[in-house]
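Visitor:
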Amino acid sequence: MSLAPSPEDTVAPSRWHAMASRVLAGAAIDREEARAILESSDAELLELLAAAWRVRQRHFGNSVQLFFLMNAKSGLCPEDCGYCSQSKVSEAEIPRYNLLSAPKLLDAARLAAERQSKTFCIVISARGPSEREIDFVCSIVPQIKQRYDLNVCACLGLLSPEQARRLAEAGVDKVNHNLNTSERFYSEVCSTHTYADRVATLEACRSAGLQLCSGGIMGMGETHDDLIDMALELRAMNVESIPLNFLNSIDGTPLEGTNRISPRDCLRALAMMRMVNPAAELRIAGGREIHLGSLQPLGLYAANSLFVGDYLTTKGQLPEADYRMIEEMGFVITRGSEAAEPPVLPG
Ligand code: SF4
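In numbering that gives the first Met the number 0, the protein residues as written are 0 to 346.
1) Check whether the stretch 207–217 and the stretch 167–182 are in contact - that is, three or more C-beta pairs closer than 8 Å.
2) If you count every other CB in all the chains shown that lies within 10 Å of the CB of G329, and 16 or more means buried, which is it?
3) Starting from Q210 and walking both ways along the beta strand (DSSP E), at which residues does that stretch end?
4) Along the chain, where does the beta strand (DSSP E) that runs through Q64 open and close?
5) Quickly, what does DSSP pair K173 with across the bridge? List them, please.
6) Pull up the CB-CB distance for L110 and V136, whole angstroms please, since I reckon it's below 8 Å.
7) Between Q368 and R334, how many whole angstroms is the CB-CB distance? I'm expecting something under 8 Å.
8) When a residue counts only if its C-beta is closer than 5 Å to some heavy atom of the ligand SF4, which residues count, in chain order?
9) Is it true that the CB of A112 sits closer than 8 Å to the CB of D79?
10) For G285, is the classification buried or exposed, using 16 other Cβ atoms within 10 angstroms of its Cβ as the cut-off for buried?
11) Would V81 pass as a contact of C189 if the rule is Cβ separation under 8 Å?
12) Excluding the 5 residues flanking A19 on each side, which residues of the same chain have their C-beta closer than 8 Å to its C-beta?
13) Could you pull the start and end residues of the alpha helix (DSSP H) that F135 belongs to?
14) Looking at the C-beta of R259, does it have a partner C-beta in chain B at a distance below 8 Å?
15) What are the boundary residues of the alpha helix (DSSP H) that includes G298?
16) Determine the extent of the alpha helix (DSSP H) in which C265 is found, giving its start and end residues.
17) Going by C-alpha to C-alpha distance, which of R287, M271, G251 sits closest to E89?
18) Go ahead and pull the three-state DSSP assignment for P77.
19) Using the Cβ count rule (16 or more neighbours within 10 Å means buried), how would you classify G308?
20) DSSP has L243 in a bridge; who is on the other side?
21) Could you please give the first and the last residue of the uninterrupted beta strand (DSSP E) stretch that includes L304?
22) What would DSSP say about V331, mapped onto helix, strand or coil?
23) Beta-carbon within less than 6 Å of R234's beta-carbon, same chain only, minus the 5 sequence neighbours each way: which residues are those?
24) Considering V122, what are the terminal residues of the alpha helix (DSSP H) in which it resides?
25) So what does N179 bridge to, in DSSP terms?
26) Determine the closest residue to C120 out of D172, Q85, E92, I133, with distance taken between C-alpha atoms.
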């Protein structure tokens, strides 16, 4: 029997590695290339992830950075974002409470540090913060940073330039305000504020000297072009940190029962986001346990960051399961920007 390779066995040079090489050389991939990633076949998925890994490795080695979310005020939000269990139109059964006390926030920051988080995210459900809420965040952030080695990210809704300036002065490192989707699709998921409002908040934060954390949610009924629009806009705004969520269609929200997305589509979206935003911190965010399932580890070949613990109103995977996944991948949790040594991949 001949052991000579058949024509089918011959490996064609991967278009994804060619793309990664161009990205690593400083090229920016265009809309058509981003679409090609999202439309690629399952048979190409490992090659695609290996190519995305080369880009991730250049900027982050085999490091994984953990973020810890604290919902400092839950529910009671006057906005109508269709994906959100905390909106005024949501009938989801969630805890509803007003601003937490300072001791509770400090205790949460301690837990974040114990869980090896790089960043402590203070979130409130609101269209935007009240004067009292801004005062509170500005008073608690210096205390958190004095006690714990944590970056602080504030997610407080729409911000004015003055509010952004106050947060920067208080020592907030970064503001999270997600674009969530494309400008075209935005009005399908929210009617009480606009995409332009969100962009204006990000611009105010940038002008105040804050780093930007902004990403989106996949699986709300958007098209590939909507996802690509968002990725390109995040690149245009030089966003430093990108959380990519996968819709957890919570019962009682307008998007309840929205169709599942396949784990392979989640991986293609992560790879696309990495290729479009090569140097950005890319986080596999909410819904990863539901939609990526057993393929979660593969997502870390494109992304370099995870939320550890629970999400705003839903449970996450146990931290121990994340630590084990990271270790079994040969990755290392880092709390700074240092990149650990990359593992050797086959092939
Ligand atoms: S503004 Fe924020 S908290 Fe309020 S409904 Fe929208 S996503 Fe939820």
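For each residue, glycine too, the CB sits at the ideal point set by N, CA and C.
Guide: On the basis of the data shown:
1) The stretch 207–217, when compared against the stretch 167–182, does touch it at the 8 Å Cβ threshold.
2) By the Cβ-count criterion, G329 is exposed, with fewer than 16 other Cβ atoms from all chains shown falling within 10 Å of its own Cβ.
3) Element bounds for Q210: 210–212.
4) Run containing Q64: 62–72, per the beta strand (DSSP E) assignment.
5) Beta-bridge partners assigned by DSSP to K173: C152, Q210.
6) Incorrect: roughly 18 Å between the Cβ atoms, too far for contact.
7) Because the chain is modelled from 0 through 346, residue 368 falls outside the range shown and cannot be assessed.
8) Residues flagged by the Cβ proximity filter: C76, E78, C80, C83, Q85, S86, S124.
9) No.
10) G285 sits buried, since 16 or more C-beta atoms from the chains shown fall within 10 Å of its C-beta.
11) It should be noted that the sequence gives Gly, not Val, for residue 81. C189 is positioned such that its CB atom lies closer than 8 Å to that of G81.
12) Only A50, A51, R53, V54, M274 meet the Cβ criterion.
13) Run containing F135: 130–146, per the alpha helix (DSSP H) assignment.
14) The question asks about chain B, but that chain is absent: this structure has only one protein chain.
15) Per DSSP, G298 belongs to the alpha helix (DSSP H) from 295–298.
16) C265 -> alpha helix (DSSP H) spans 262–275.
17) Checking the sequence shown, residue 89 turns out to be Ser, not Glu. In this structure, G251 is the residue among R287, M271, G251 with its C-alpha nearest to the C-alpha of S89.
18) The answer is coil: DSSP assigns P77 none of H, G, I, E or B.
19) Buried, by the Cβ-count rule.
20) Answer by DSSP bridge pairing, in chain order: G215, I283.
21) What sits at residue 304 in the sequence shown is Ser, not Leu. In this chain, the beta strand (DSSP E) harbouring S304 covers 304–306.
22) Strand.
23) Contacts found: V275, N276.
24) Element bounds for V122: not the alpha helix (DSSP H) but the beta strand (DSSP E), 118–123.
25) Under the DSSP definition of a beta bridge, N179 partners with G215.
26) The alpha carbon of C120 has as its nearest neighbour, out of D172, Q85, E92, I133, the alpha carbon of D172.
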